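Trainee: With our numbering, the residue at position 163 of the sequence shown is 219, and numbering never jumps.
Virtual Cβ for every residue (Gly too), placed ideally from N, Cα, C.
From a predicted model like this one, the values you see are computed outputs, not experimental measurements.
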Amino acid sequence: MKKKLRLIIYILGLLFALQTALPGYINSSFIGQFVPEKIIGILYTISSIIAIVCLTFAPRLLRKIGNYSMILILSIMSIVSLLILAFNQSIYFILPIFIIYLTIHVIVALNFDILLEEQSSDKKTGNIRGLYLTISNLAWVVSPLIVGILLTNGDYWKVYGLASLTVIPAIILLSYYFKNFKDPVYINTPFWKTLKKLFKLKNIYKIFAINTLLQFFYSWMVIYTPIYLHKYIGLDWQTIGLIFTIMLLPFVFFQLPLGILADKKFGEKEILNIAIVILGITTITLSFITTNTVWVWATLLFITRIGASSINIMSETYFFKKVDAKDSDIISFFRMAKPIAYIFGPTLASLTIFLIDFRYIFLVLGIIMLTGLRYSLTIEDTL
């Protein structure tokens, strides 16, 4: 039964990833129609602050209404948000709904962690998490191609409309298979006590720091790479869609085999060290590429994602070997890595753009990524 439920969770993960991935790389350009580029990062920052507050209270909410009800409510909110973004042109609706939409998928990640952790065993964490991430990341691979086709006339509404439709089958599957989901007894520790607890668990703290740096990387790349390639390099959306599809292939090719290797052969430490070096150096290189040649950008961005996908699966595998589903306080904190990164990431990126040429944000970002070696080199391996 656990295998069957894991399969359903994998499918649910794919469907929810689609509703995030389809608009993922055009969100900044879409919102750029309503506000200046330098304001876009602030919207992500506001969303992240709200997400942190929500994740802080998530264990309490889980104890009251349960994981199933929480996912169901968030799913309905997601559909409504996407439809408003698709068909409403008022800035007074678009901006707050955009913030809500960004916040929802951060919280849903916690709900899926709990579902999957209840069907997992520590000995197979790398395998299970690797397969879950691989299937979910298929959404990010196919989405740029789909978006490139849909945006031939700049019709953003088509993208948000299609994203809303992907949530409907997810709700049906969720209702059929998890309506009677038995919640564990969630640990509900106050925020500051959880923070102190995290600092005491040194290895979990280090993997949390590495995950935060990875989310910091995403916060810059998701917002500013499409703008840079479209506005400054001069590539059209179909070309950018092709580049992004190639760029994201490592998330499909490498995460499952690396997860299995982490379970059986190497542990996570060695792979983390190599991945951080790859990510940092190739990101720095992007600042010095001014050509609009497609294969150059596709190749370099592909290599950055070899590093990012490896860090992603290693941090997930390591963390979930150390916690159980009942540890909702620590899992909530782990999922705060993304909103924390999206507070400081866009803010620092906006400051960087003010001070130096746009293209040098990649140089700054690459240097920041290399600081992750401070944590990966000292973490205690699981094998």
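1) Less than 8 Å between the C-beta atoms of Val197 and Leu61, yes or no?
2) Could you give the distance in angstroms between the alpha-carbon of Thr159 and the alpha-carbon of Leu317?
3) Where Ser343 and Ala397 are concerned, what is the direct C-alpha to C-alpha distance, given to the nearest angstrom?
4) Which whole runs of the alpha helix (DSSP H) in the stretch 71 to 148 are 4 residues long or more, in chain order?
5) When you compare the stretch 308 to 315 with the stretch 354 to 373, are there three or more beta-carbon pairs, one atom per stretch, that lie closer than 8 Å?
6) Take Tyr212 and list the residues in its own chain whose beta-carbon comes closer than 6 Å to its own, dropping the five residues that flank it on each side.
7) Counting along the chain, where does the alpha helix (DSSP H) carrying Ser388 start and finish?
8) Any idea what DSSP makes of Gln175, helix, strand or coil?
9) What number of angstroms, rounded off, separates the C-alpha of Ser199 from the C-alpha of Ala381?
10) Just to confirm before moving on: does the CB-CB distance between Thr240 and Glu174 stay below 8 Å?
11) Would the beta-carbon of Asp319 fall within 8 Å of that of Lys180?
12) From the DSSP output, in three-state form, read off Leu304 for me.
13) For the candidate residues Met277, Phe247, Pro225, whose alpha-carbon lies nearest to that of Gly69?
14) Exposed or buried, which one is Ile121 when buried takes at least 16 other CB atoms within 10 Å?
15) Quick check: the stretch 271 to 283 against the stretch 81 to 99, are at least 3 beta-carbon pairs closer than 8 Å?
16) Output the boundary residues of the alpha helix (DSSP H) element that contains Leu314.
17) For Val350, which of Val333, Gln294, Ser388, Pro402 has the nearest alpha-carbon?
18) Hey, how far is the Cα of Leu257 from the Cα of Ile435?
19) List the endpoints of the continuous alpha helix (DSSP H) containing Ser231.
20) Is the stretch 141 to 151 in contact with the stretch 412 to 430, if contact means three or more CB pairs nearer than 8 Å?
21) Do Leu335 and Ala364 come within 8 Å of each other at the CB atom, strictly closer than that value?
Mentor: Working from what's here:
1) Their beta carbons are not under 8 Å apart, which means Val197 does not touch Leu61 by this criterion.
2) One alpha carbon belongs to Thr159, the other to Leu317, and they sit about 33 Å apart.
3) Straight across, the Cα-Cα distance linking Ser343 with Ala397 is about 21 Å.
4) Runs found: 83 to 87, 93 to 143.
5) As far as the Cβ criterion goes, the stretch 308 to 315 touches the stretch 354 to 373, which means the pair count is three or higher.
6) Around Tyr212: Phe86.
7) Note, Ser388: alpha helix (DSSP H), 384 to 391.
8) Correct three-state label for Gln175: coil.
9) Taking the straight line joining both Cα atoms gives about 31 Å.
10) Looking at the sequence itself, residue 240 is Pro, so the reference to Thr does not match. Taking a C-beta distance under 8 Å as the contact criterion, Pro240 and Glu174 qualify as a contact pair.
11) In this structure, Lys180 lies closer than 8 Å to Asp319 by Cβ.
12) In the three-state scheme derived from DSSP, where H, G and I count as helix and E and B as strand, Leu304 is classed as coil.
13) It is Pro225.
14) So Ile121 counts as exposed.
15) The stretch 81 to 99 vs the stretch 271 to 283: in contact.
16) Residue range 311 to 320 is occupied by the alpha helix (DSSP H) that includes Leu314.
17) The candidate whose alpha carbon is nearest that of Val350 is Gln294.
18) When the Cα atoms are used, Leu257 and Ile435 turn out to be separated by approximately 11 Å.
19) Ser231 -> alpha helix (DSSP H) spans 212 to 233.
20) Judged by Cβ distances under 8 Å, the stretch 141 to 151 makes no contact with the stretch 412 to 430, as fewer than three pairs qualify.
21) Their beta carbons are under 8 Å apart, which means Ala364 touches Leu335 by this criterion.
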